[in-house]
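Engineer: Sharing a structure with you now.
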Amino acid sequence: MGDQPHPFHAVADLATRRGLRDLHLAEERGGKYVRLYQATPPLFFKHRNDPSDSYDRERFKDFKRILLSADDCDKGPEATIALIRSLLEKFADYTPQRS
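Numbering follows the working numbering, with no gaps: position 39 of the sequence shown is 39.
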């Protein structure tokens, strides 16, 4: 994301206040790796502009990956939270297919 703060930081800061207490921020490698995730349903959110990372497979191997575009995040954290909330509802019954 360059010199700008990653948009997921603002989303994570606001999420608890908006009732998404199970949505968490995963940050590694000095902030170069940033994801949002929730264990139930097992989903993780990756910004489309973030590079792929082997850590996704290690940490989130049984989670469904959902890519969020710049447009999804450019409208601010409130709009991103609304989108994430709708995706959590859409995938509420998701169960991992891998064994």
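All residues carry an ideal CB built from backbone N, CA and C; glycine is no exception.
As the structure is a prediction and not an experimental result, all values here were calculated from the model.
Suppose the cutoff is 6 Å on Cβ atoms and the five residues either side in sequence are ignored; what does the same chain contact list for Thr80 look like?
Structural biologist: Within the sequence shown, residue 80 is the residue found at index 80, counting from 1. Only Val11, Cys73 meet the Cβ criterion.
Engineer: Decide if Gln38 is buried, meaning its Cβ has at least 16 other Cβ atoms within 10 Å, or exposed.
Structural biologist: As a first step, residue 38 must be located in the sequence shown, where it is residue number 38. Buried, since its Cβ has 16 or more Cβ neighbours within 10 Å.
Engineer: By a C-beta neighbour count over all protein chains shown, 10 Å radius and 16 as the cutoff for buried, is Leu36 buried or exposed?
Structural biologist: As a first step, residue 36 is located in the sequence shown; it is residue number 36 there, counting from the start. With 16 or more other Cβ atoms within 10 Å, it is buried.
Engineer: Could you tell me how far apart the beta carbons of Arg48 and Leu68 are, in whole angstroms, since I believe they sit closer than 8 Å?
Structural biologist: What you label residue 48 is simply residue 48 of the sequence shown in a count that begins at 1. What you label residue 68 is simply residue 68 of the sequence shown in a count that begins at 1. Indeed, because the Cβ distance is near 7 Å, the residues count as touching under 8 Å.
Engineer: So what does DSSP say about Leu87, is it helix, strand or coil?
Structural biologist: Here residue 87 corresponds to residue number 87 of the sequence shown, with the count starting at 1. Reduced to three states, the DSSP call for Leu87 is helix.
Engineer: Judging by CA-CA distance, which residue of Ser54, Ala15, Gly76, Pro96 is the nearest neighbour of Pro5?
Structural biologist: The residue you call residue 5 lines up with position 5 of the sequence shown. Pro5 has its Cα closest to that of Gly76, out of Ser54, Ala15, Gly76, Pro96.
Engineer: If you draw a straight line from the C-alpha of Ser54 to the C-alpha of Gly19, how long is it?
Structural biologist: In the sequence shown, the residue the question calls residue 54 occupies position 54. In the sequence shown, the residue the question calls residue 19 occupies position 19. Distance between the alpha carbons of Ser54 and Gly19: 31 Å.
Engineer: Please tell me whether, using a cut-off of 7 Å, the distance from the CB of Pro96 to the nearest non-hydrogen atom of the ligand NAP is below it.
Structural biologist: Among the ligands in the structure shown, none appear at all, so the ligand NAP cannot be discussed.
Engineer: Which residues bound the alpha helix (DSSP H) around Leu36?
Structural biologist: Counting from 1 along the sequence shown, the entry for residue 36 is found at position 36. Here Leu36 belongs to no alpha helix (DSSP H); instead the beta strand (DSSP E) covers 33 to 38.
Engineer: How many angstroms separate the CA atom of Pro51 from the CA atom of Tyr33?
Structural biologist: The count along the sequence shown starts at 1 and reaches residue 51 at position 51. The count along the sequence shown starts at 1 and reaches residue 33 at position 33. For Pro51 and Tyr33, the distance between alpha carbons rounds to 8 Å.
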